[in-house]
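Student: Going line by line, the protein sequences match chains A and B.
Just so we're aligned, residue 1 is where the first sequence starts under the working numbering, counting upward by one.
Just so we're aligned, residue 305 is where the second sequence starts under the working numbering, counting upward by one.
Note that CB positions come from ideal geometry on N, CA and C, so glycine has one too.
Since the model is a prediction, treat every value here as computed from it, not as a measurement.
Dropping a structure here in structure tokens format, bear with me for questions.
2 protein chains.
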Amino acid sequence: MQLIDGKFIAKTIQNEIRTEVNTFVAQGSRPPHLVAILVGNDGASETYVSHKMKACKYVGFRSTNLTFPDTISEEALLAEVEACNQNSEIDGLIVQLPLPPHVDYMKVILAIRPDKDVDGFHPANVGKMVMGLPCLLPATPFGVMELLKRYKVETKGKNCVVIGRSLIVGTPMSILMSRRAVDGTAILCHRHTPEAERKLLTRNADIIIVAVGIPGFIKAEDVKEGAVVIDVGTTRVEDDTTLSGFRLKGDVDFEEVAPKCSMITPVPGGVGPMTVTMLLVNTLNAYKTRNVSLAVKTEALREN
Amino acid sequence: MQLIDGKFIAKTIQNEIRTEVNTFVAQGSRPPHLVAILVGNDGASETYVSHKMKACKYVGFRSTNLTFPDTISEEALLAEVEACNQNSEIDGLIVQLPLPPHVDYMKVILAIRPDKDVDGFHPANVGKMVMGLPCLLPATPFGVMELLKRYKVETKGKNCVVIGRSLIVGTPMSILMSRRAVDGTAILCHRHTPEAERKLLTRNADIIIVAVGIPGFIKAEDVKEGAVVIDVGTTRVEDDTTLSGFRLKGDVDFEEVAPKCSMITPVPGGVGPMTVTMLLVNTLNAYKTRNVSLAVKTEALREN
Chain A
1 MQLIDGKFIA
11 KTIQNEIRTE
21 VNTFVAQGSR
31 PPHLVAILVG
41 NDGASETYVS
51 HKMKACKYVG
61 FRSTNLTFPD
71 TISEEALLAE
81 VEACNQNSEI
91 DGLIVQLPLP
101 PHVDYMKVIL
111 AIRPDKDVDG
121 FHPANVGKMV
131 MGLPCLLPAT
141 PFGVMELLKR
151 YKVETKGKNC
161 VVIGRSLIVG
171 TPMSILMSRR
181 AVDGTAILCH
191 RHTPEAERKL
201 LTRNADIIIV
211 AVGIPGFIKA
221 EDVKEGAVVI
231 DVGTTRVEDD
241 TTLSGFRLKG
251 DVDFEEVAPK
261 CSMITPVPGG
271 VGPMTVTMLL
281 VNTLNAYKTR
291 NVSLAVKTEA
301 LREN
Chain B
305 MQLIDGKFIA
315 KTIQNEIRTE
325 VNTFVAQGSR
335 PPHLVAILVG
345 NDGASETYVS
355 HKMKACKYVG
365 FRSTNLTFPD
375 TISEEALLAE
385 VEACNQNSEI
395 DGLIVQLPLP
405 PHVDYMKVIL
415 AIRPDKDVDG
425 FHPANVGKMV
435 MGLPCLLPAT
445 PFGVMELLKR
455 YKVETKGKNC
465 VVIGRSLIVG
475 TPMSILMSRR
485 AVDGTAILCH
495 RHTPEAERKL
505 LTRNADIIIV
515 AVGIPGFIKA
525 EDVKEGAVVI
535 DVGTTRVEDD
545 TTLSGFRLKG
555 DVDFEEVAPK
565 CSMITPVPGG
575 VGPMTVTMLL
585 VNTLNAYKTR
595 NVSLAVKTEA
605 LREN
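Spelled out as structure tokens, the structure:
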């Protein structure tokens with residue numbers, strides 16, 4: 001059994017980004033710039049955003065955290081998004097979810113310019129992903145794809161069972177597994193898949209990707225000998241032995257499942273660190289696309 | 305075994321549309337207007353477009369067939385698309401594929417205004433489909449969903465195997481089967497799925513939707529007793545006994561598969577007639593959306 005070390009891969013990619021950013025800056029360009037909009041005082045959201053800002057700092061990005069009270073109106077929030085859309089010094093924009101109930105979060109997502117939507121949540125990006133066109137991919141599935149690639153996991157013609165159909169993980173994951181050059185047989189299970197059917201499917205799966213948020217959901221009996229298991233779940237469970245009073249648990253019963261696997265991601269240290277890192281990759285890509293078009297514009301101006 | 309009569313359902317829906325259009329016109333509105341762009345002299349394409357125009361006529365739509373020689377430049381074709389985008393008298397616009405090789409067909413699809421894209425091929429519509437947002441659905445999968453609905457086929461928690469991952473049938477089909485309120489377990493097989501695995505999956509499927517273009521691809525041994533089988537394939541095979549010299553054959557070996565099914569679509573007369581009909585439904589929906597926004601605008605003007 002080989003452990004898929006997401007922490008190591010994430011750091012490797014962050015170092016690759018850092019080197020590239022250093023080169024850009026040394027050549028006189030401004031660094032890529034990510035803006036995170038945070039509404040209200042949700043503890044988990046604050047932690048996520050601060051992790052993202054810290055990662056930006058590490059790779060040499062500029063980052064800005066715009067915070068607003070949870071009393072902000074939908075209209076005012078949309079105006080803030082629009083200001084970021086218009087600002088040519090901003091390459092990537094994320095709005096940390098959840099938003100307060102009086103704000104229609106889908107309206108906010110739809111308001112973000114697709115070429116700055118580094119979370120990959122805008123339908124324009126989702127549609128391009130389905131069609132295999134260049135786009136900004138949702139960070140978590142993008143991270144899983146990168147782990148599979150860097151660990152040389154064969155996907156072509158393999159049975160790939162995805163459990164959970166959320167818009168930010170399971171659904172895009174199943175779409176990506178079936179695309180050209182990945183070529184897996186994509187199977188998407190969810191809350192309405194009868195348990196017996198789901199177990200039949202996972203027991204025949206070469207690759208299992210689980211994102212349901214139920215600690216220990218996947219047991220040894222659900223997994224074929226030699227399978228690759230990707231655990232996207234990160235649920236906080238109480239733990240008196242830690243300083244924080246909790247620890248993260250995945251959707252896979254790691255102790256009993258790991259011995260059967262050819263490869264498996266641990267929690268923490270598997271998919272988790274990849275999500276923030278792929279957000280950085282998206283921001284870098286958005287920056288490069290913007291700079292290419294800026295360069296083209298400059299060229300055009302010269303010709304006039 | 306019950307036959308799913310797509311021809312009958314298609315006619316029923318066309319009559320529903322006709323009644324609605326009559327009402328609009330009686331109230332003084334212009335009828336919905338579909339424009340089809342046809343490039344070159346491909347016989348099959350000409351037949352498809354003429355079927356679509358004929359269907360428009362039946363339901364009372366205005367229809368226009370813009371034809372261009374296959375020497376038209378990409379630039380000129382994009383200009384024609386843009387003219388249709390701008391024309392407020394046009395509700396739906398389709399560009400019949402294939403296009404000549406010197407034209408980048410994806411560029412043309414991307415140029416169509418998403419709210420006039422009644423083929424549902426634009427990434428903005430594809431993305432919204434994935435996210436369960438209101439959009440124009442690709443006609444063939446939309447037609448299959450309508451058949452399942454009108455024949456009250458239970459989809460919730462059912463094993464739904466889709467074979468073929470094309471962007472216009474298989475891929476959107478598998479996405480739709482897993483969405484909320486449909487709630488099927490979606491399994492997408494394609495050319496890279498090993499035959500033995502595919503057969504295991506179809507033999508356990510409650511619903512099989514096949515779109516591979518290989519006559520008689522699905523045999524009795526591939527199908528579970530009581531399954532629902534949807535045959536999207538329509539391949540022309542030579543037949544001396546017909547006037548045209550050919551007949552349409554589906555991807556399912558109907559004679560041997562039908563007796564095992566609870567329901568099955570024939571070819572012809574199954575999914576085929578639904579595709580043109582759902583194009584009409586999309587055009588009607590695009591028309592209604594346009595008219596609603598026009599109405600809102602008029603209201604706003606009154607207030608000023």
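(1) Compare the C-alpha of P476 (chain B) against each of B:L504, B:I513 and B:N463 and name the closest.
(2) Interface residues of chain A around P498 (chain B) at Cβ under 8 Å?
(3) Please state the DSSP three-state secondary structure of Q400 (chain B).
(4) Which two residues bound the contiguous alpha helix (DSSP H) that contains F246 (chain A)?
(5) Against R469 (chain B), what residues of chain A qualify as contacts under a CB-to-CB distance less than 7 Å, listed in chain order?
(6) What residues in the stretch 115 to 148 of chain A bring their beta carbon closer than 9 Å to a beta carbon of chain B?
(7) Residues in the same chain with beta-carbon distance under 6 Å from I264 (chain A), minus the five sequence neighbours each way, listed in chain order, please.
(8) In its own chain, which residues sit with a C-beta less than 7 Å from the C-beta of P273 (chain A), not counting the 5 before and 5 after it?
(9) Give the secondary structure of S29 (chain A) by DSSP, where H, G and I count as helix, E and B as strand, and everything else as coil.
(10) Per the DSSP calculation, C160 (chain A) is bridged to which residue(s)?
(11) Please confirm if the stretch 163 to 181 of chain A is in contact with the stretch 141 to 152 of chain A, defined as three or more CB-CB distances below 8 Å between the two stretches.
(12) Can you pull the chain B neighbours of E197 (chain A), defined as C-beta to C-beta under 7 Å?
(13) So is L605 (chain B) buried or exposed if we call it buried at 16+ other beta carbons inside 10 Å?
(14) For the stretch 41 to 71 of chain A, list every residue whose C-beta sits within 9 Å of some C-beta in chain B, in sequence order.
(15) Buried or exposed for R191 (chain A), please, with buried defined as at least 16 other CB atoms from any protein chain shown within 10 angstroms of its CB.
(16) Quick check on the burial criterion: 16 or more other C-beta atoms within 10 angstroms. Buried or exposed for N463 (chain B)?
(17) Answer yes if the stretch 479 to 496 of chain B comes into contact with the stretch 172 to 188 of chain A, meaning at least three C-beta pairs across the two stretches below 8 Å, and no otherwise.
(18) Could you give the DSSP three-state label for N369 (chain B): helix, strand or coil?
(19) Contact defined as beta carbons within less than 8 Å: I believe K420 (chain B) pairs with D395 (chain B). What is the distance between those atoms, to the nearest angstrom?
(20) Pick helix, strand or coil for I376 (chain B), following the three-state DSSP scheme.
(21) Taking only three categories from DSSP, how would you classify A10 (chain A)?
(22) How far does the alpha helix (DSSP H) with T351 (chain B) in it extend, from its first residue to its last?
(23) For the stretch 378 to 404 of chain B, which residues have a beta carbon sitting closer than 9 Å to at least one beta carbon of chain A?
(24) State whether the stretch 23 to 35 of chain A contacts the stretch 269 to 287 of chain A, with contact taken as three or more CB pairs (one from each stretch) at a distance under 8 Å.
(25) Please return the same chain residues whose Cβ sits closer than 7 Å to the Cβ of R594 (chain B), not counting the five positions on each side in sequence.
(26) Compare the C-beta of H190 (chain A) against all C-beta atoms of chain B and say whether one is closer than 8 Å.
(27) Quick check on R222 (chain A): does DSSP put it in helix, strand or coil?
(28) Report the neighbours of T475 (chain B) on chain A: residues whose CB is nearer than 7 Å to its CB, in chain order.
(29) Measure the Cβ-Cβ separation of V422 (chain B) and G364 (chain B) and say whether it is below 8 Å.
(30) Applying the criterion that 16 or more other CB atoms from any shown protein chain within 10 Å of the CB defines a buried residue, is G250 (chain A) buried or exposed?
(31) Mind checking T579 (chain B): buried by the 16 CB within 10 Å criterion, or exposed?
(32) Could you say which of A:I72, A:L110 and A:A83 lies nearest to P101 (chain A) if we only look at CA atoms?
(33) Roughly how many angstroms lie between the CA atoms of T545 (chain B) and L552 (chain B), to the nearest whole one?
(34) Tell me, please, which residues DSSP counts as bridged to V228 (chain A).
Tutor: On the basis of the data shown:
(1) B:I513
(2) G157
(3) In the structure shown, Q400 (chain B) sits in coil (DSSP, three-state: anything other than H, G, I, E or B).
(4) DSSP places F246 (chain A) outside any alpha helix (DSSP H); the residue lies instead in the beta strand (DSSP E), whose first and last residues are F246 to K249.
(5) Result: S178.
(6) The residues in question are F121, H122, P123, A124, N125, V126, G127, K128, M129, V130, M131, G132, L133 and C135.
(7) V229 and A258
(8) G6, K7 and A10
(9) coil
(10) A:A186 and A:I207
(11) yes
(12) N463 and T489
(13) No answer about L605 (chain B) holds up, because its pLDDT of 46 lies below 50 and its placement is not dependable.
(14) none
(15) exposed
(16) buried
(17) Contact between the stretch 172 to 188 of chain A and the stretch 479 to 496 of chain B is established, with three or more Cβ pairs separated by less than 8 Å.
(18) DSSP places N369 (chain B) in the strand class (E or B) of the three-state scheme.
(19) 7 Å
(20) coil
(21) helix
(22) G347 to V363
(23) none
(24) yes
(25) Result list for R594 (chain B): D395, in chain order.
(26) yes
(27) The sequence given here places Asp at residue 222 (chain A); Arg does not occur at that position. Looking at D222 (chain A) - three-state DSSP - the assignment turns out to be helix.
(28) Contacts between T475 (chain B) and chain A, judged by CB atoms closer than 7 Å, involve V130 in chain order.
(29) Between V422 (chain B) and G364 (chain B), the C-beta spacing is not below 8 Å.
(30) buried
(31) buried
(32) A:I72
(33) Straight-line Cα distance between these residues: approximately 13 Å.
(34) A:I207 and A:M263
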